[in-house]
Amino acid sequence: MLFGLGTDMGGMALCYRTDLFKAAGLPTDREQVAALMKDWPSYLAAGKQFLAASPNKDVRWFDSGGNLFTSILAQAPQGVYDADGKVVVTSNPAVKQSFDLVAGAIKDGESAGIQAFTPAWDTGFQKSQFATVACPAWMSYEFKANPPADGGKWDIARIPGGGGNWGGSYLSVPKAGKHTKAAAELAKWLTAPAQEARLFKEKGYFPSDQALWTQPDIAEHTDPLFNDAPTGKIFSQSARDLSPQPLGAHGAEIGTAIGNALTSIEQGKADPDGAWKQALKDVDNIVN
């Protein structure tokens, strides 16, 4: 069994461009946005409305099918693993349901089709190629590093579907290390409440220490990057509302395989049925 000290967690929210919303006749107030998009079907319905009304026909509704799939599945009680450590991609209905929902949105033209965490994704932020991003707290760095060249503004609302978590980090000390005692003390210091609170306020990494969520400097924190949105309140509520989900050793690789399948749909190289079958083959190769 592996133990680690948590540094941060990926409480979920929906980041959206207020200027692009306004131009398409959608509400810009974050409470109204959350009310309009209470779940993922209503979020995608709003995407159709956006595409029909937006004066800029080059702007898509969301950035990446893979990112959206990850965000939707992250809200399910069970993802690609069960509590016993078994891969359940084929037996957990939530996996295929999430895939089908995203694949349908891709076919409807809602995805910008940009693979996340690539230079093209950075450019997508800068050139305003998408109006929304399902954004965990740690993704704040991307928005800070790539502001829209046209001066557009981002805001944050509650994530469709309730709470959720995507990612986060922890620190562990290998037993075979030469200075395990000193390393353990450093890990304790780095994950202490004072450091976690500072990292959230300065970098956007939401603390995994639940005791911090009610502290005024966290709970009442606002971020000027996101139109002074109450990010402390939004991310802490998302964290409280999440359903803890079992993880496994190959979770990231499996997620990449399914994300690649969705990318193949975005690129016109496969239809949803063929892409899903390829994803299952890739998952089988990963775990067997």
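Residue numbers (our numbering): 77 to 364. For glycine and all other residues, C-beta sits at the position ideal for the given N, C-alpha and C.
Please report the distance separating the alpha-carbon of leucine 102 from that of proline 300. 22 Å
Give me the Cα-Cα distance between phenylalanine 175 and lysine 254, rounded to the nearest whole angstrom. 45 Å
Output the distance between the C-alpha atoms of threonine 199 and alanine 328, rounded to the nearest integer angstrom. 24 Å
Within the same chain, show all residues whose beta-carbon is closer than 6 Å to that of proline 212, passing over the 5 residues directly before and after it, in chain order. Gly86, Met88, Trp242, Gly243
Whole-Å CB distance - arginine 136 paired with serine 187, under 8 Å assumed: 6 Å
Using the DSSP secondary-structure output, state which residues sit across from alanine 305 in a beta bridge. Asp299
Runs of 4 residues minimum, wholly inside the stretch 119-155: which ones carry the alpha helix (DSSP H) assignment? 141-149
Do you know whose CA, among Gln271, Gly324, Arg234, lies nearest threonine 307's CA? Arg234
Where do the N-terminal and C-terminal ends of the alpha helix (DSSP H) with tryptophan 289 fall, by residue? Counting along the chain, tryptophan 289 falls outside any alpha helix (DSSP H), and DSSP gives it neither H nor E.
In the DSSP output, what is methionine 88 paired with across the bridge? Pro212
Can you look up phenylalanine 201 in the DSSP assignment and give me helix, strand or coil? helix
Hey, would you say aspartate 358 sits closer than 7 Å to alanine 325, going by beta carbons? no
Contacts around alanine 225, its chain only, beta-carbon distance under 6 Å, and the 5 residues preceding and following it disregarded: Gln202
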